[in-house]
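Structure, as structure tokens:
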Amino acid sequence: MIELDKVSYGHGGAALFSQLSLTLVPGSFQFLTGPSGAGKTTLLRLCYADLRAQRGKVRLFGQDANTLDRDAVAMSRRRIGVVHQDCQFLDHLSVAENIALPLSVADRAAEASENLKELLAWVGLSKQSAQRPPELSGGERQRAALARAVIMSPDVIIADEPTGNVDWEMSQRLLALLVELNKMGKTVLIATHDLAMIRSLKSDVDARVLRLKDGLLTTAGAVL
Ligand code: ADP
Ligand code: ADP
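Take 0 as the starting number for the sequence shown in numbering that gives the first Met the number 0 and just add one per residue.
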């Protein structure tokens, strides 16, 4: 689905990582861990073509991201739902309008009402749909961000610290939603510090844990 092949990237001068390779196999469930500043967010942004590899190749659904024009990148990105670390809501719009925004941007607003109701119920925000994002709790914001990420029925979900600001119960709830998406066949990649959440994952989910540190990406499953 998404493949980073010997990719190098650095903000400004020094490289954060070089020759880094990562494959998101269809249907896989992967966590990306590692200390703050290791480059997890940067790596995710490369995966959804928000950043371009400085060296190496990024392939999105079989196509070389470097050779795609802006429209083609936009088309590929519609197949990827992103949950941003800071949620990035428009505070003057309601929760429902924020969640439906990707549909309006894609000129598919007509599909909104039915999908939206179902999605709001799924993330448990039916009652909050008319509220503004600043009125929501941290966990509600994260669930709204997840709903917005999946409204276009993407093949891949990329989440950056989806449980960063929420309590244990809420992080369990968010994890359950992400697992549910994976069981529906979606490919999931989650950057997180929350090792307790990773450990809480039921053994029926075939998850891999990757660790990014000092520019190296390793499989960390065994140390957890
Ligand atoms: P920071 O808060 O500095 O960003 P982390 O929360 O990522 O650091 O890590 C906290 C501690 O857990 C560190 O000692 C780190 O080495 C360890 N750690 C982080 N991720 C993993 C992992 N996947 N497996 C084992 N240990 C880890
Ligand atoms: P993580 O998600 O693991 O905390 P990031 O990818 O956010 O790591 O950041 C990795 C390093 O790159 C950090 O030192 C951060 O300050 C720096 N960085 C991230 N984004 C930018 C940017 N847009 N401009 C300059 N430096 C950045």
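Note that the Cβ used here is the ideal one computed from N, Cα and C, for glycine as well. Note that the structure is predicted; figures quoted are calculated from it, not measured.
- Distance check between Asp166 and each of Glu139, Ile156, Gln84 and Leu188 places Glu139 closest, using alpha-carbon atoms only.
- Annotation: the region 130-208 contains the following complete segments of the alpha helix (DSSP H) (minimum length 4 residues), in chain order: 137-149, 167-182 and 194-198.
- By the criterion of at least three beta-carbon pairs nearer than 8 Å, the region 118-138 is not in contact with the region 3-14.
- Three or more Cβ pairs closer than 8 Å define a contact, and the region 135-151 meets that threshold against the region 93-106.
- In its chain, beyond the 5 residues on either side, Ile156 have a beta carbon closer than 6 Å to the beta carbon of Lys185.
- One alpha carbon belongs to Ile79, the other to Gly61, and they sit about 14 Å apart.
- Under DSSP, Thr22 forms a beta bridge with Glu2.
- Chain order is used for the residues whose beta-carbon lies nearer than 6 Å to a heavy atom of ligand 2, namely His10, Gly11, Leu15, Gly33, Ser35, Gly36, Ala37, Gly38, Lys39, Thr40 and Thr41.
- Counted as a single uninterrupted DSSP element, the stretch harbouring Lys56 is not any alpha helix (DSSP H) but the beta strand (DSSP E) occupying residues Arg54 to Leu59.
- Going by DSSP, Thr40 is part of the alpha helix (DSSP H) stretching over Lys39 to Cys46.
- Rounded to whole angstroms, Gln29 and Trp121 show a C-alpha spacing of 22 Å.
- Following the DSSP letters along the chain, one finds Leu102 inside the alpha helix (DSSP H) bounded by residues Val94 to Val104.
- Spanning the alpha carbons of Pro161 and Asp68 requires a straight line of approximately 30 Å.
- Within the same chain, Arg77 and Met151 come within 8 Å of Ala105 by CB-CB distance, once the 5 residues on both sides are set aside.
- Beyond the five residues adjoining it in sequence on each side, Arg58 comes within less than 6 Å, by CB distance, of Glu2 in the same chain, given in chain order.
- Take Gly163, set aside five residues on each side of it, and the residues of its chain with a beta-carbon closer than 7 Å to its own are Gln84, in chain order.
- Shown here for Gly137: same chain residues with a beta carbon closer than 6 Å to its own, the five before and five after excluded, namely Asn164 and Val165 in chain order.
- Using a Cβ distance threshold of 9 Å, Val94 and Leu45 do not count as a contacting pair.
- According to the DSSP secondary-structure assignment, Gln127 is paired through a beta bridge with no residue.
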